[in-house]
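There are 2 protein chains.
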Amino acid sequence: MEMTIDSSMRLVVVGGGVVGLSCAWRAAAGGARVTLVDAAPGSGASWVAGGMLAPVTEAWPGEEDLLALGVESVRLWPGFAARLGEAAGREPGLRSEGTVVVATGSGDRAELETLASYLDGLGRPVQRLSGKELRRLEPAIGPEVRGGLSVPDDLAVDNRLLLTALRAAAEKAGVAFVARNAAGVVDDGTRVAGVTCDDGSVVEADAVLVAAGAWSSALHPALDAMVRPVKGEILRLGHRAGAFPAPSRTVRALVDGRPVYAVPRDAGGLVVGATQADVGFDLEPTVGGVRDLLRDAERVLPGVAEFALLEVAAGVRPGSPDNLPLIGPVGPEGLLVASGHHRNGILLAPVTAEAVVAMLGGGAVADVVRVADPARLLRRANG
Amino acid sequence: MEMTIDSSMRLVVVGGGVVGLSCAWRAAAGGARVTLVDAAPGSGASWVAGGMLAPVTEAWPGEEDLLALGVESVRLWPGFAARLGEAAGREPGLRSEGTVVVATGSGDRAELETLASYLDGLGRPVQRLSGKELRRLEPAIGPEVRGGLSVPDDLAVDNRLLLTALRAAAEKAGVAFVARNAAGVVDDGTRVAGVTCDDGSVVEADAVLVAAGAWSSALHPALDAMVRPVKGEILRLGHRAGAFPAPSRTVRALVDGRPVYAVPRDAGGLVVGATQADVGFDLEPTVGGVRDLLRDAERVLPGVAEFALLEVAAGVRPGSPDNLPLIGPVGPEGLLVASGHHRNGILLAPVTAEAVVAMLGGGAVADVVRVADPARLLRRANG
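In order, the protein sequence lines correspond to chains Y and S.
Counting along the first sequence from 1, when you hit position 234 you're at 234 in full-length UniProt numbering, and nothing is skipped either side.
Counting along the second sequence from 1, when you hit position 113 you're at 113 in full-length UniProt numbering, and nothing is skipped either side.
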């Protein structure tokens with residue numbers, strides 16, 4: 001069912017990452033007049049991301065709401081990708097090979113067993129595999145890996161193909177792109193009026209969706225302190241002639257307590273990530289961060305030593321105070337936010353876009369999305 | 001003394017790296033009509049280089065000729081840099097802080113002692129320092145370093161400032177730049193006639209200097225097999241707020257037998273290199289190569305963990321069969337080569353340019369350069 005939005009509604013989306021583009025595309029397809037404000041759409045955290053769609057291997061006791069949200073979104077992903085491919089006239093790069101999560105030392109194995117038992121308890125059993133069984137599935141996995149879990153439903157997408165497809169689909173659906181940085185959301189005390197840009201121009205709006213990732217909090221006082229930057233370093237590797245083939249599944253690993261992942265790409269490439277650091281708006285990869293990623297990736301997939309190191313990058317994810325995203329109305333009437341997705345922006349784009357379109361059209365928002373209501377943070381701050 | 005070259009001589013220099021640019025500048029300053037053919041002057045191995053001017057710490061028993069050539073060139077460097085700065089109107093980035101070479105394990109210390117004894121025997125004594133003394137000189141040096149040598153006369157230059165200055169000086173001296181790739185040198189069986197470009201155009205010449213680095217051998221049959229590519233990976237690091245300051249001297253090290261160096265740059269940056277591999281024309285940095293450089297640099301200078309990793313690159317040095325450069329006439333009349341400088345192109349640029357200008361002007365070539373006569377390789381091939 002497609003939601004219908006009042007076609008006189010002028011929606012301005014601030015931010016052209018995966019969340020902003022997805023919402024803009026779906027809102028325009030649903031009938032809204034959409035303008036997207038971003039000086040460089042498709043750059044930022046969405047561009048440097050790994051593209052895991054992996055809520056189950058990302059699960060952790062106490063984060064049931066985030067797991068439910070992620071599972072719902074990964075369920076939506078194949079349909080979202082199919083519609084996107086058709087609308088854009090190009091494939092968005094969804095991969096269906098699944099995920100394994102593996103452990104090296106005994107502490108790492110104990111932590112994976114905690115995850116497996118937790119999932120058992122939730123009625124989401126996962127398959128436990130020995131090192132030998134893992135190597136039978138993925139011969140690229142090295143001898144230091146002693147065991148792991150197979151989760152075929154945790155998928156992945158090529159985030160750069162995805163961004164290109166989203167932009168094409170948004171353009172075809174009539175989204176107007178304003179290539180400027182947004183400076184703030186303007187309101188008259190009760191309703192939003194538009195978005196000011198850093199050159200002083202104003203884009204008028206009946207509704208504004210702030211989807212500016214880690215930069216969201218600066219755009220309106222109502223968003224203050226809701227989102228903080230969480231730096232991550234990530235590498236892009238290319239297969240070279242003579243090198244051992246890359247795995248076909250996403251390989252997540254714990255190496256002496258440090259998480260690392262390798263997400264396969266077409267042509268045998270791998271995206272290896274990601275560090276995490278609360279160090280503000282810092283987009284510089286460090287020697288120590290890259291050294292950790294290279295060392296840990298090699299311990300899990302020794303053959304990557306012969307791969308090309310094509311790219312070293314850092315991005316800032318939008319972290320929220322409780323690790324859940326912010327999806328819903330906030331502050332003056334007509335202001336919505338879709339941010340705070342932290343490590344899960346690409347995973348959660350379909351469920352976020354569906355919820356935003358429902359909110360704009362006055363439809364019912366899926367139950368699992370209610371936990372993302374930004375009002376919870378105001379309650380917390382006031383209580 | 002400035003050499004004077006017949007002003008009717010049309011010299012074509014193939015290759016706009018540090019050697020080609022230096023020769024073109026000096027030849028044009030000496031009176032020649034010079035054209036430099038390169039699709040991208042100032043790129044290639046000269047651009048990715050570290051910029052060490054360090055013949056003494058590079059010395060090794062059996063390579064006395066190379067040492068003498070390097071010592072002569074490092075002696076020329078301050079004057080060359082001063083003339084270049086004046087001619088270009090910008091500083092070429094020469095640093096006068098000197099070099100230390102340090103060792104970690106006992107095998108590394110033994111190898112450094114071999115170098116020191118060798119230099120003692122040549123009458124070029126170097127100062128032996130304990131780890132503590134080294135750390136007093138350069139507090140950035142870490143506790144794994146147990147000893148080393150100080151060589152104040154081994155210098156360094158910022159190779160990128162140098163290339164910019166050389167290009168400016170060459171232009172001001174009247175060098176004409178043809179932004180095309182050379183395909184080959186044309187001759188009539190006895191004399192060179194010009195250079196063909198990959199678009200089929202021909203640049204006519206009375207003399208041709210091939211200074212095309214690792215690509216030199218392909219340009220004329222007389223250069224066949226004289227130069228081969230030797231791949232090297234190299235990193236550029238930037239100081240970040242809060243990180244320990246970089247050393248002020250060049251720090252060369254042996255880490256479990258692997259050589260690594262860190263060359264200081266302005267603003268606290270470091271260039272860390274370099275791997276060596278005989279793998280053909282391969283310009284892709286690998287995971288294994290970068291991992292080695294990061295690990296070894298951290299073992300010598302632990303503070304670099306907090307530095308920014310600004311750039312990862314690979315280049316191909318022009319290696320010669322006997323590790324000495326090729327400077328002099330070869331093949332048909334009017335054909336000269338200045339290539340095969342391997343790891344020492346930037347160091348040897350002044351002595352090479354001086355020799356080439358002397359050869360073009362009919363002047364005397366310095367004794368130390370005679371060993372670089374390409375005829376030695378023909379004799380070897382024929383003998």
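Glycine included, each C-beta is placed from N, C-alpha and C at the ideal position.
Since this is a predicted model, take the numbers as computed values, not measurements.
- Contact between the segment 70 to 78 of chain Y and the segment 135 to 147 of chain Y is not established, with fewer than three Cβ pairs separated by less than 8 Å.
- As DSSP reads the structure, I141 (chain S) sits in no beta bridge.
- Within the segment 92 to 177 of chain Y, the complete beta strand (DSSP E) runs of at least 3 residues fall at 99 to 103, 127 to 130, 147 to 151 and 155 to 157.
- The segment 357 to 372 of chain S and the segment 231 to 242 of chain S do not touch, with fewer than three beta-carbon pairs separated by less than 8 Å.
- Taking 8 Å as the Cβ-Cβ cut-off, the segment 258 to 286 of chain S approaches chain Y at E284, P285 and T286, given in chain order.
- By the rule that beta-carbons nearer than 8 Å mark a contact, A308 (chain Y) touches chain S.
- When DSSP assignments are scanned along the segment 24 to 54 of chain S, the uninterrupted stretches of alpha helix (DSSP H) that are 4 or more residues long and fall wholly within it turn out to be 45 to 48.
- Its chain contains L21, A24 and W25 as the residues whose beta carbon lies nearer than 6 Å to that of A170 (chain S), once the 5 sequence neighbours on both sides are disregarded; these appear in chain order.
- Taking a 10 Å sphere around the C-beta of F307 (chain S), we find 16 or more other C-beta atoms and assign the residue as buried.
- Counting along the chain, T352 (chain S) sits inside the alpha helix (DSSP H) bounded by residues G345 to G361.
- Under the Cβ criterion (8 Å, minimum of three pairs), the segment 336 to 351 of chain Y counts as touching the segment 208 to 215 of chain Y.
- Nearest in C-alpha terms to R83 (chain S), of all of S:P350, S:A375 and S:V356, is S:P350.
- The C-beta of D266 (chain Y) has fewer than 16 other C-beta atoms within 10 Å across all chains shown, which makes the residue exposed.
- Its chain contains P92 and G93 as the residues whose beta carbon lies nearer than 6 Å to that of L161 (chain Y), once the 5 sequence neighbours on both sides are disregarded; these appear in chain order.
- Between V316 (chain S) and A40 (chain S) a beta carbon distance of about 14 Å is seen, past the 8 Å cut, so the two are scored as non-contacting.
- When C-beta atoms of the segment 100 to 107 of chain S are compared with those of the segment 248 to 258 of chain S, three or more pairs fall below 8 Å, so the two segments count as touching.
- Residue range R258 to P264 is occupied by the beta strand (DSSP E) that includes R258 (chain Y).
- One thing to note: R249 (chain Y) has its Cβ within 8 Å of the Cβ of T99 (chain Y).
- Partner residues in the beta bridge of V12 (chain S), as assigned by DSSP, are S:T35 and S:V208.
- Y118 (chain S) and A110 (chain S) have their alpha carbons spaced roughly 12 Å apart.
- Contact check for A179 (chain S) against A246 (chain S) fails: the beta carbons are separated by 8 Å or more.
- The beta carbon of R240 (chain S) sits closer than 8 Å to some beta carbon of chain Y.
- Around D65 (chain S), the same chain offers L324 and V371 as residues with beta carbons nearer than 7 Å, after the five sequence neighbours per side are excluded.
- G269 (chain S) places its beta carbon less than 8 Å from that of R236 (chain S).
- In summary, the residues of the segment 286 to 301 of chain Y whose CB is separated from some CB of chain S by less than 9 Å are T286, V287, G288, G289, V290, R291, L294, R295, A297 and E298, in the order they occur in the chain.
- Boundaries of the alpha helix (DSSP H) around A68 (chain S): E64 to A88.
- Under the three-state reduction of DSSP output, G273 (chain S) falls in the strand class.
- Exclusion of the five residues before and after V300 (chain Y) leaves V102, T104, I141, G142, E144, V145, V251, A253, V255, V260 and A262 as the residues of its chain whose Cβ lies within less than 8 Å of its Cβ.
- With respect to the 8 Å criterion, P229 (chain S) and A218 (chain S) are not classified as neighbours on the basis of their beta carbons.
- Counted as a single uninterrupted DSSP element, the stretch harbouring V365 (chain Y) is not any beta strand (DSSP E), since DSSP gives it neither H nor E.
- Interface flag for A305 (chain Y) against chain S is set, since a Cβ pair is found closer than 8 Å.
- A direct Cα-Cα distance of roughly 11 Å separates P321 (chain Y) from P374 (chain Y).
- DSSP, read as helix, strand or coil, puts R236 (chain Y) in strand.
- P221 (chain Y) sits in a helix when the DSSP states are folded into three classes.
- Three or more beta-carbon pairs separated by less than 8 Å are not found between the segment 269 to 285 of chain S and the segment 116 to 133 of chain S, which leaves the two stretches without contact.
- For the 8 Å CB-CB criterion, V56 (chain Y) and D158 (chain Y) do not form a contact.
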